[in-house]
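Chains as they are written, first to last, in the working numbering: chain A, -5 to 276; chain B, 8 to 255.
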Amino acid sequence: MESMQHTAVVTLVLATCLASSAIAETKKEYRFNVGPKANISVDTQYGAISVKPGSSSQVVVTATLNSDKAEVDTQQRGGRLEIVSHVLSGGDAQTGRIDFEVQVPTDATLNLRSSTGPLSAEGLKGDLSLEGADAVVDIHDVSNGHVHVRTMRGPVTLTDVRNGHVEISSISGDVTLKAVTGPLVQATSGSGKIFYDGDFGLGGDYKLTTHSGDIEAIVPTSTSADFSAHSMLGAVHNDFPLAPRHSRFSFAAGSSFFGTVGKAASDVVLRSFSGKIRLKQH
Amino acid sequence: MNCADVQRNQPDITDGAGDPELQAHLKSCAACSELVSDLGLIANAARQLSSFEEPPARVWVNIANQLRAEGIIKEPRQVPARVTPAPRRWNAWWLAPIAAAILAVGAYEVSHKAPQQVAQQPTPAVQATQQSSPQVARKSDPAPHETLQANNRSSVPSGASAESPAQQRIDVSAPPAEQDQQFLSEVSEGAPAMRTTYENQLQAINEEISETQEYIKTHPGDMDARQHLMETYQQKAMLYQMALDRIQ
Chain A
-5 MESMQHTAVV TLVLATCLAS SAIAETKKEY RFNVGPKANI SVDTQYGAIS
45 VKPGSSSQVV VTATLNSDKA EVDTQQRGGR LEIVSHVLSG GDAQTGRIDF
95 EVQVPTDATL NLRSSTGPLS AEGLKGDLSL EGADAVVDIH DVSNGHVHVR
145 TMRGPVTLTD VRNGHVEISS ISGDVTLKAV TGPLVQATSG SGKIFYDGDF
195 GLGGDYKLTT HSGDIEAIVP TSTSADFSAH SMLGAVHNDF PLAPRHSRFS
245 FAAGSSFFGT VGKAASDVVL RSFSGKIRLK QH
Chain B
8 MNCADVQRNQ PDITDGAGDP ELQAHLKSCA ACSELVSDLG LIANAARQLS
58 SFEEPPARVW VNIANQLRAE GIIKEPRQVP ARVTPAPRRW NAWWLAPIAA
108 AILAVGAYEV SHKAPQQVAQ QPTPAVQATQ QSSPQVARKS DPAPHETLQA
158 NNRSSVPSGA SAESPAQQRI DVSAPPAEQD QQFLSEVSEG APAMRTTYEN
208 QLQAINEEIS ETQEYIKTHP GDMDARQHLM ETYQQKAMLY QMALDRIQ
């Protein structure tokens, strides 16, 4: 009996391997001439989207299809380019997966959407909007644009984002911000953690909020900011020497600290319902 | 029209709902679409908040009408037939008014009966340790509708397909728990693989709303808590919106 079971398992494994090898990857390349500040949307239900800077007047899209159970539709109207994948009848998350590698002008406006991800963008200067349910989101080396990210569970990492209007919202994903500065930087997560490593720039509004996730900010001693931290049911820790200041509002309960460092150029609000908040020096 | 044009014309956006260029842009731009939706909602909520203790049924009708006027509720766009049609999208426009309603509930709870903010004496920059940690009971149903029951039961978006099965199940004035079930049913029908994910996330957000509401009952003067409640409602609306974007 055991021998029969063993044989059945081996046969099943072999069949699975053969079926997998039968799924051949196909690469398709698309090229589009675009003007300045083109608006580019890439939407795939299953698969990765990776965007890098390329030619100033051309968009190059390389789509990797896992099977013939999915197809790519493209549409270009004026300055707007849409790349959309469709899962065909009988397709699923595996066979319907299409990965996109996209090269765009650095000033392009991008809308990227994928349920599974990952989503990544680097070296760009236009507005970015990324959305993915479970997608891992990675953005680095971007500047001077709006960066909007929405995920359900996917973790979000931003690195070297300068002069950005940054809004990140995740229901349970972790958010990591390294050297992210700009006039507005907001990150919200329900149960995910938020980690900030940077100097909070000069003259920006920073707001990091969670429900149950912890918030940790590591900043250099040269920081110039006005800090307000409040956790309604969680603990707060502050290793930073803050100068006292007037507070407009009283905190009804919970743990809190507030005060300024340097000339208080930026306004920093750290708030959690039940998560821990920690402000540390570099 | 692009994002910059939308930003420039913000004050006129709600009046320019019929502008085909604006509508075309909103279809392709999630950020602007969300902005316009929020603007309409805020304008509508602001008109209502000053004049009543509890939002009457007309709030929900107005929200639906506003969304309809803005073109957010509309006939499903006709797409060219494909050789093999993709099965993944279905009509879920009914989620739009529900997402807006969630935001309205949050706005109401935050702004209504808010205590006067009190100026405080100079405070040293030291952390104030919490005196007590009230235990917060978790609930499966946050039931924010306790003060927001609406009597109108006919706010089905008229712009949607009159005979669609989804429309027949829609009731934007239903209690939130019922709306959640409708929402999950639609997800089950259109994308069964996503059901568990959405259900878990929805449950987590509902628990967060419930926890915050319980806290505010014992700490009515905590403005941060009220703000936090609003943002949690926004997250719930975002969840609905993400489903709308993905599965419509």
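The C-beta atom is built at its ideal place from N, Cα and C for all residues, glycine as well. All of these numbers come straight from a predicted model, not from anything done at the bench.
- Using a 10 angstroms sphere on the CB of residue 23 (chain A), the tally of other CB atoms stays under 16, which defines it as exposed.
- Within 7 Å of the CB of residue 91 (chain A), no CB atom of chain B is found; the nearest one sits about 13 Å away.
- If the five residues before and after residue 246 (chain B) are omitted, its C-beta is found closer than 8 Å to the C-beta atoms of 205, 208, 209 and 212, all from its own chain and listed in chain order.
- When C-alpha distances from residue 173 (chain A) are compared across A:129, A:157 and A:184, the shortest belongs to A:157.
- The beta-bridge partner set that DSSP reports for residue 47 (chain A) consists of A:98.
- When Cβ-Cβ separations below 9 Å define contact, residue 88 (chain A) makes no contact with chain B.
- The way I'd put it, the region 88 to 107 of chain A does touch the region 31 to 40 of chain A; three or more beta-carbon pairs between them come closer than 8 Å.
- The region 190 to 199 of chain A makes contact with the region 211 to 226 of chain A; the number of CB pairs closer than 8 Å reaches 3 or more.
- The beta carbons of residue 152 (chain A) and residue 140 (chain A) sit no closer together than 9 Å.
- Annotation: Cβ neighbours of residue 105 (chain A) in chain B (cutoff 9 Å, chain order): 35, 36, 37 and 38.
- For a Cβ distance threshold of 9 Å, residue set 35 of chain B lies close to residue 76 (chain A), ordered along the chain.
- From the beta-carbon of residue 121 (chain A), the residues of chain B found nearer than 8 Å are 10 and 38.
- By the rule that beta-carbons nearer than 9 Å mark a contact, residue 203 (chain B) does not touch chain A.
- According to the DSSP secondary-structure assignment, residue 188 (chain A) is paired through a beta bridge with A:169 and A:209.
- According to DSSP, residue pairing for residue 23 (chain A) in a beta bridge involves A:56.
- In the displayed model, residue 253 (chain B) falls within a helix according to three-state DSSP.
- Distance check between residue 185 (chain A) and each of A:165, A:202, A:199 and A:127 places A:165 closest, using alpha-carbon atoms only.
- Using a CB distance below 7 Å, the part of the region 240 to 251 of chain B facing chain A consists of 242, 245, 246 and 249, ordered along the chain.
- Under the 10 Å beta carbon count, residue 102 (chain A) is surrounded by 16 or more other beta carbons and is classified as buried.
- Among the residues facing chain A, residue 220 (chain B) is not included, as its CB has no counterpart in that chain under 9 Å away.
- Classified as exposed, residue 88 (chain A) has fewer than 16 neighbouring CB atoms from the shown chains inside 10 Å of its CB.
- In this structure, residue 94 (chain A) lies near residue 44 (chain A), with their beta-carbon atoms less than 9 Å apart.
- The Cβ neighbour count for residue 25 (chain A), taken over all protein chains shown within 10 Å, is under 16; the residue is labelled exposed.
- DSSP places residue 106 (chain B) in the helix class (H, G or I) of the three-state scheme.
- Taking CB atoms only, residue 27 (chain A) has no neighbour in chain B less than 9 Å away.
- The beta carbon of residue 165 (chain A) sits closer than 9 Å to some beta carbon of chain B.
- Interface with chain A (9 Å Cβ-Cβ cutoff): residue 234 (chain B) is included.
- Contact between residue 125 (chain A) and residue 249 (chain B) holds: CB atoms are separated by about 7 Å, below the 8 Å threshold.
- Within the region 125 to 138 of chain A, the residues whose Cβ lies closer than 8 Å to some Cβ of chain B are 125, 127 and 128, listed in chain order.
- Contacts between residue 200 (chain B) and chain A, judged by CB atoms closer than 9 Å, involve 86 and 87 in chain order.
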